[in-house]
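A short worksheet on the structure shown next.
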Ligand SMILES: [Zn+2]
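In the numbering used here, the protein residues as written are 3 to 261.
Set out below in structure tokens:
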């Protein structure tokens, strides 16, 4: 297997967190195993890694009930059709995906937007699935225009996806550091959780909120009008972090194609 799976056993619920290799920014698919079903969250960028996550999920021997897409960035939805399950998302996220053109994964493999566009709408609030309470929270602003956060309050599991990265440079292309800081404050204020599943990197604990908050404060200080200068400054400050290529991608959004 190219990706890495971390298994967190919470009794009635087991979470299998699939993280892609470095060449796909360690983007995650969360595989939530409830007593009789499997629920997947986010679908990978490289289609072959989606296939790997799906093969792992099918290996659990329970039906793959649904795929939930948290936000409208291709690294989280490009592989969605490979899951062979209904695709769920917030209405805003569905619309943002539907508005995008057909695309290619980083290896050049094509995907059709029609085939990855969610068809089942998630509304914010609590829902019991297979005896497990899922809390769906809609966050606006931050890493993307709209992001879904999923909480399993009975098990202390917070699925933050791209509002939190673990030991990786943050993608600032949405140009909303202040919104991201607000979202982190909201997540950190709820102390009912001990396990944080992230959009990029390995599962972690609530200490990650302070790390992301510090990074955002540093980014706010260092981000001027020169993308290359910012990249050098932030990489100097976080030399152990992976995913420096994410800074290059974000810089193209922030400063245009010349950077
Ligand atoms: Zn992402």
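Beta carbons are placed, not taken as given, at the ideal position from N, Cα and C, and that holds for glycine. Every value quoted in this text rests on a predicted model; they were computed, and no experiment measured them.
Give a yes or no on whether the C-beta atoms belonging to residue i and residue j are separated by under 9 Å.
| i | j | result |
| --- | --- | --- |
| residue 214 | residue 167 | yes |
| residue 60 | residue 89 | no |
| residue 144 | residue 84 | no |
| residue 45 | residue 31 | yes |
| residue 228 | residue 257 | yes |
| residue 22 | residue 48 | yes |
| residue 52 | residue 80 | yes |
| residue 235 | residue 218 | no |
| residue 66 | residue 87 | yes |
| residue 82 | residue 117 | yes |
| residue 186 | residue 154 | no |
| residue 125 | residue 138 | yes |
| residue 78 | residue 201 | yes |
Once the 5 residues before and after residue i are set aside, which same chain residues still bring their CB inside 7 Å of it?
| i | result |
| --- | --- |
| residue 64 | 35, 38, 39 and 40 |
| residue 173 | 145, 248, 251 and 252 |
| residue 132 | 36, 37, 38 and 39 |
| residue 261 | Note that residue 261 scores a pLDDT of 46, beneath 50, so its modelled location is shaky; the value from the coordinates is reported in the next line. Excluding positions up to five away in sequence, the list reads 229, 230, 253 and 254. |
| residue 175 | 251, 252, 255 and 256 |
| residue 226 | 232 |
Pop quiz: residue i and residue j are said to be a contact at Cβ under 8 Å. What is the actual Cβ separation, rounded to whole angstroms?
| i | j | result |
| --- | --- | --- |
| residue 203 | residue 28 | 5 Å |
| residue 243 | residue 170 | 6 Å |
| residue 15 | residue 163 | Not a contact, Cβ separation roughly 17 Å. |
| residue 151 | residue 197 | 14 Å between Cβ atoms; not a contact. |
| residue 221 | residue 179 | 6 Å |
Within a Cβ cutoff of 8 Å, which residues of the same chain sit near residue i, ignoring the five residues on either side of it in sequence?
| i | result |
| --- | --- |
| residue 148 | 73, 74, 92, 94, 95, 98, 140, 141 and 142 |
| residue 123 | 90, 91, 92, 93 and 96 |
| residue 207 | 196, 197 and 198 |
| residue 3 | 54 and 58 |
| residue 109 | 48, 49 and 50 |
| residue 115 | 99, 100, 102, 103, 104 and 105 |
| residue 177 | 255 and 256 |
Apart from the five residues on each side of it in sequence, which residues of its chain come closer than 6 Å, Cβ to Cβ, to residue i?
| i | result |
| --- | --- |
| residue 129 | 136 |
| residue 119 | 99 and 100 |
| residue 18 | 7, 9 and 33 |
| residue 195 | 158 and 160 |
| residue 70 | 43 and 90 |
| residue 190 | 211 |
| residue 12 | 157 |
* Asked: For ligand 1, which residues count as neighbours when the test is a C-beta closer than 7 Å to any heavy atom?
  -> 27, 29, 75, 77, 78, 164, 173, 201 and 202
* Within the stretch 81-120, note down every full alpha helix (DSSP H) run reaching 4 residues or more, in order along the chain. => 93-100 and 115-118
* At 4 residues or longer, and completely inside the stretch 144-223: list those alpha helix (DSSP H) runs for me, N to C. => 179-191
* Asked: If you scan the stretch 25-62 from start to end, which runs of the beta strand (DSSP E) of 3 or more residues do you find wholly inside it?
  -> 30-35 and 40-43
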